[in-house]
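Asker: If you're matching positions, the sequence shown starts at 2 in my numbering and goes up one per residue.
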Amino acid sequence: MSNLGANPAAGEVGGPGPRQAGPSPWDDAVLAAVLMTVDPAGTGGVCLRALPGPVRDQWLTIMRDLQPEGTPMRRIPLHVSDGRLLGGLDLAATLNAGRPVAERGLLVEADGGVIELAMAERIASGTAARLNMAFDSGEVVLERDGLAMRTPSRFAVVALDEGVGEDEGLLNALLDRLAFHLELTYVRVHEAIACDYEVEEIVEARGRLADVTITEEQIESLCGIALALGIPSLRASIFACSAARAHAALEGRTEVAEEDLAVAGRLVLAPRATQLPPMEPPEEEPPPPEPEDQEDQDQNQSNEQQEPQELDDKILEATKAAIPAGLLAQLQMGKLRRSRSRATGKAGAVQNAPSRGRPAGVLRGEPRHGQRMNVVETLRAAAPWQRLRREERARAGRDSTRIEVRQDDFRITRFKHKSETTTIFVVDASGSSALHRLAEAKGAVELLLADCYVRRDKVALVAFRGKGAEVLLPPTRSLVRAKRSLAGLPGGGGTPLASGIDLGMAIADSVQRRGGTPVLIVMTDGRANVARDGTGGRARAGEEGMAAARLVRSLEITALVIDTSPRPQQQGKDLAKEMGAVYLPLPHADATSLNQAVRATAG
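1) Bridge partners for ASP89 per DSSP, in chain order?
2) Can you tell me the Cα-Cα spacing of MET74 and SER154, whole angstroms?
3) Going by C-alpha distance, which of MET134, VAL520, ALA244, ILE203 is nearest ILE220?
4) Could you give the distance in angstroms between the alpha-carbon of LEU576 and the alpha-carbon of GLU545?
5) Starting from CYS48, follow its DSSP beta bridges and name the residues at the other end.
6) Tell me whether MET37 sits in a helix, a strand or coil according to DSSP, three-state version.
7) Count the other CB atoms, across all protein chains shown, that sit within 10 Å of the CB of GLN408; report buried if there are 16 or more and exposed otherwise.
8) I'd like to confirm something about ARG515: is its beta-carbon nearer than 6 Å to some heavy atom of the ligand PLP, or not?
9) Helix, strand or coil: how does DSSP classify PRO283 here?
10) Determine which residues share a DSSP beta bridge with PRO586 and list them.
11) Can you give the Cα-Cα distance for ALA206 and ALA250, rounded to whole angstroms?
12) Bridge partners of LYS459, per DSSP?
13) Determine the closest residue to ALA547 out of LEU87, GLU579, LYS574, VAL56, with distance taken between C-alpha atoms.
14) For ALA509 versus ILE563, is the C-beta distance shorter than 7 Å?
15) Counting only beta-carbon separations shorter than 7 Å, does LEU86 have a partner in chain C?
16) How many angstroms separate the CA atom of LEU143 from the CA atom of ARG131?
17) Output the distance between the C-alpha atoms of ALA160 and MET120, rounded to the nearest integer angstrom.
18) PRO272: which of ALA125, LEU185, ARG65, ARG100 sits nearest, CA to CA?
19) Does the separation of the CB atoms of ALA532 and ARG539 fall below 7 Å?
20) Give every residue of the same chain whose Cβ lies closer than 8 Å to the Cβ of LEU67, excluding the five residues on either side of it in the sequence, and list them in chain order.
21) Which residue comes first and which comes last in the alpha helix (DSSP H) that contains THR128?
22) At the level of alpha carbons, what is the spacing between ARG85 and ILE116?
23) What are the start and end residues of the alpha helix (DSSP H) that includes GLU70?
24) Looking at the secondary structure, which residues open and close the alpha helix (DSSP H) in which ARG551 lies?
25) Identify every run of the alpha helix (DSSP H) within the region 211 to 244, keeping only runs that are complete inside it and at least 4 residues long; order them along the chain.
26) Quick check on DSSP: helix, strand or coil for MET524?
27) Check whether the Cβ atoms of ALA382 and ARG403 sit closer than 7 Å, and answer yes or no.
28) Near ALA550, which residues of its chain fall below 7 Å by C-beta distance, leaving aside the five closest residues on each side in sequence?
29) How would you label ALA397, buried or exposed, when you count the other beta carbons within 10 angstroms and need 16 or more for buried?
30) Compute the Euclidean distance between the alpha carbons of ASP137 and PRO569, then round it to the nearest angstrom.
31) Hey, out of ARG123, VAL109, GLY495, ALA125, whose CA is closest to ALA157's CA?
32) Just reading off the alpha helix (DSSP H) that GLY469 is part of, what are its end residues?
33) Return the CA-CA distance between GLU392 and LEU92, expressed in angstroms with no decimal places.
34) Pick helix, strand or coil for THR642, following the three-state DSSP scheme.
35) Using the Cα positions of LEU462 and TRP386, report the straight-line distance between them to the nearest angstrom.
36) Can you round the beta-carbon distance between GLY43 and ALA247 to whole angstroms, since I take them to be within the 8 Å contact cut?
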């Protein structure tokens, strides 16, 4: 038998790589696969964060070899349809039988087994929601194509997360339902050795699992450790209990021991930690001695309280030892963001389209205005009615074996596509603005352009000063062109605010007409003193600026006003209010802060 579960109090780590003492990351990853196989429904599954390679392939091979004979294994592709995932109408069988015949979906076929979720970091939110419903209810509810049925479906999920950065990862709702969060990025090939556990041991452990008991004190210990590590979800404590019971069954015990709790804390709770446990308070002076009679009365109570406290401390130390040292340093600085979110750019708003984009279901209707008929769904809608229609034809004396499709059966494919995002900077280059703001605007644009290769966004730059505004950079992804345009941007002169907003709004309108999503970023102190016709006057220039801002709001353009004045002024707040924009005063901002604000608004 393997010693993967031994030595729970692992030592500290020197970096993101393997630990120096105790089980290595690979040993923990293999043990997680074993525990998931012992109790698939109780643990939910594994989130495996690693790029494709020999290490990940070795882990998947071990996981598959550990499954008992006859265990269903299914792989869900990234763009799986609802019909294939949940089931639906079997078109061929329905046409042959003349009555609705249901086909089984992947979730039903995987009942009692394991599902591999490919490219899990890119899974659609709708697919994740359907998986979560099956997780929570233990069954698949099918109500479509004239069918209404409930089928048991309990399975474990192996989510293959191939995300590169912190902004790309599994959806939190699905991640929270998986007990084990594994990271194999830093595991080397020579460390990925085989597993010593055999399938017979897994089968025996499954047979003992129902008889394994865990006490209330042990459950309270795991819940207290989760609370000390800042884990908000109750599922983590439930999964830790399931992992402890599975490890006890694997080791041949019918009661959960301290070693099992330590393994559960190391594998389930440590990867979810968001804070360090609170420091122990300083020792207080011992109280004066009590009478012997009272000491005898309280002796049993003190002994009962001491053991759970010692147990909590041991498990907590083992759990803390499983957290990498680099992660501990980030937790101490308060800079860790454990909840990964999707990249905010990548594309703009989701829009419906008649003939292009990604399929997003079907609608009843006729194929007009370039819309495409979905032949399979049309036949699927017509199939249940063939027997009745044949009987109608027979009564009318028109016998025929052809499939009759009527107007009510027509189905058209609905498409959705994400439009391209164009961020338009409208920069105040007048003398009233601090000249160093131009350098910060340049840095923000260059940082945003560097992300465009991944985010597929475009950037435009408009500058206003003197008596008018000009387009320094039309919508582009070219970093070289942007640098050349920004390098020669001078500063000084009046503040024609209305002209700058008008020109930025014109670019945004053209982007919208082409099907894109514009984001307008106005960087100014709001002190307009030049009207549209080039004449001076703060009152008139201010009124025209506010009128231009109200026009932006009427066009429903996403906007952000960055107040570049040394101190936040009321003019900037009023401008943002009239524009319906987010107001962000940045008196001491740098290029990185501006770029983060832009990405937050665009997302």
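All C-beta atoms, glycine included, are put in the ideal place defined by N, C-alpha and C. Note that the structure is predicted; figures quoted are calculated from it, not measured.
Answerer: On the basis of the data shown:
1) Counting from one through the sequence shown, the residue named residue 89 turns up at place 88. The identity of residue 89 in the sequence shown is Gly, whereas the question assumes Asp. In DSSP, GLY89 forms a bridge with GLU104.
2) The sequence position of residue 74 within the sequence shown is 73, counting from 1. The sequence position of residue 154 within the sequence shown is 153, counting from 1. For MET74 and SER154, the distance between alpha carbons rounds to 13 Å.
3) Here residue 220 is taken as the residue at index 219 of the sequence shown, counted from 1. Of the candidates MET134, VAL520, ALA244, ILE203, ALA244 places its Cα closest to the Cα of ILE220.
4) Numbered from its first residue, the sequence shown carries residue 576 at position 575. Numbered from its first residue, the sequence shown carries residue 545 at position 544. One alpha carbon belongs to LEU576, the other to GLU545, and they sit about 11 Å apart.
5) Within the sequence shown, the letter at position 47 stands for residue 48. In the DSSP secondary-structure assignment, CYS48 is bridged to ALA160, HIS182.
6) Counting from 1 along the sequence shown, the entry for residue 37 is found at position 36. Here MET37 sits in helix by DSSP.
7) The residue given as residue 408 occupies position 407 in the sequence shown. GLN408 should be labelled exposed.
8) For the ligand PLP, the structure offers nothing, since it holds no ligand at all.
9) As a working mapping, residue 283 is identified with position 282 in the sequence shown. At PRO283, the pLDDT of 45 sits below 50, so the modelled position is not reliable and the matter cannot be decided from this model.
10) Here residue 586 corresponds to residue number 585 of the sequence shown, with the count starting at 1. According to DSSP, which records beta bridges pairwise, PRO586 is partnered with ASP564.
11) To locate residue 206, count along the sequence shown from 1; it is residue 205. To locate residue 250, count along the sequence shown from 1; it is residue 249. In this structure, the CA atom of ALA206 is about 5 Å from the CA atom of ALA250.
12) Locating residue 459 in the sequence shown gives position 458, where the first residue counts as 1. According to DSSP, LYS459 bridges with THR423.
13) By one-based count along the sequence shown, residue 547 stands at place 546. Correcting the residue type first, residue 547 is Met in the shown sequence and not Ala. For MET547, the nearest C-alpha among the options comes from GLU579.
14) Here the question's residue 509 lines up with position 508 in the sequence shown. Here the question's residue 563 lines up with position 562 in the sequence shown. Their beta carbons are not under 7 Å apart, which means ALA509 does not touch ILE563 by this criterion.
15) Looking at the structure shown, chain C is missing, and only one protein chain is on hand.
16) One-based indexing of the sequence shown puts residue 143 at position 142. One-based indexing of the sequence shown puts residue 131 at position 130. If I take the Cα positions, the gap works out to 11 Å.
17) The sequence position of residue 160 within the sequence shown is 159, counting from 1. The sequence position of residue 120 within the sequence shown is 119, counting from 1. Rounded to whole angstroms, ALA160 to MET120 spans 8 Å at the Cα level.
18) Translated into positions along the sequence shown, residue 272 becomes position 271. Closest option to PRO272, Cα to Cα, is LEU185.
19) Here residue 532 refers to the residue found at position 531 when the sequence shown is read from its first residue. Here residue 539 refers to the residue found at position 538 when the sequence shown is read from its first residue. No, the pair does not count as a contact, with Cβ atoms beyond the cut-off.
20) If you number the sequence shown from 1, residue 67 lands on position 66. Excluding positions up to five away in sequence, the list reads ALA34, VAL35, THR38, CYS196, TYR198, VAL200, ILE203.
21) Here residue 128 corresponds to residue number 127 of the sequence shown, with the count starting at 1. Per DSSP, THR128 belongs to the alpha helix (DSSP H) from 126 to 138.
22) Taking the first residue of the sequence shown as position 1, residue 85 is located at position 84. Taking the first residue of the sequence shown as position 1, residue 116 is located at position 115. Approximately 14 Å between the Cα atoms of the pair.
23) If you number the sequence shown from 1, residue 70 lands on position 69. No alpha helix (DSSP H) contains GLU70, which DSSP labels as neither H nor E.
24) Residue numbering aside, residue 551 sits at position 550 when the sequence shown is read from its first letter. 539 to 555 is the span of the alpha helix (DSSP H), which, as asked, contains ARG551.
25) Within the region 211 to 244, the complete alpha helix (DSSP H) segments at least 4 residues long are 217 to 229, listed from N- to C-terminus.
26) Along the sequence shown, read from residue 1 onward, the residue named residue 524 stands at position 523. Correct three-state label for MET524: strand.
27) Here residue 382 is taken as the residue at index 381 of the sequence shown, counted from 1. Here residue 403 is taken as the residue at index 402 of the sequence shown, counted from 1. Taking 7 Å as the Cβ cut-off, ALA382 and ARG403 do not qualify as a contacting pair.
28) Indexing the sequence shown from 1 puts residue 550 at position 549. The residues ILE502, LEU576, GLU579, MET580, in chain order, have a CB closer than 7 Å to that of ALA550 in the same chain once the five nearest residues on each side in sequence are set aside.
29) Sequence index remark: in the sequence shown, residue 397 carries index 396 (1-based). ALA397 sits exposed, since fewer than 16 C-beta atoms from the chains shown fall within 10 Å of its C-beta.
30) Residue mapping note: residue 137 aligns to position 136 of the sequence shown, counting from 1. Residue mapping note: residue 569 aligns to position 568 of the sequence shown, counting from 1. Near 49 Å, if we compare the C-alpha coordinates of PRO569 and ASP137.
31) For the purposes of this step, residue 157 is identified with residue 156 of the sequence shown, where counting begins at 1. When only C-alpha atoms are compared, the closest one is VAL109.
32) For this step, residue 469 is matched to residue 468 along the sequence shown. Membership of GLY469 in any alpha helix (DSSP H) is not indicated; the residue belongs instead to the beta strand (DSSP E) covering 469 to 477.
33) The count along the sequence shown starts at 1 and reaches residue 392 at position 391. The count along the sequence shown starts at 1 and reaches residue 92 at position 91. Roughly 20 Å between the two C-alpha positions.
34) Because the chain here runs from 2 to 604, residue 642 falls outside it and cannot be looked at.
35) Taking the first residue of the sequence shown as 1, we reach residue 462 at position 461. Taking the first residue of the sequence shown as 1, we reach residue 386 at position 385. About 60 Å.
36) As a first step, residue 43 must be located in the sequence shown, where it is residue number 42. As a first step, residue 247 must be located in the sequence shown, where it is residue number 246. The beta carbons of GLY43 and ALA247 sit about 7 Å from each other, so the pair counts as a contact at 8 Å.
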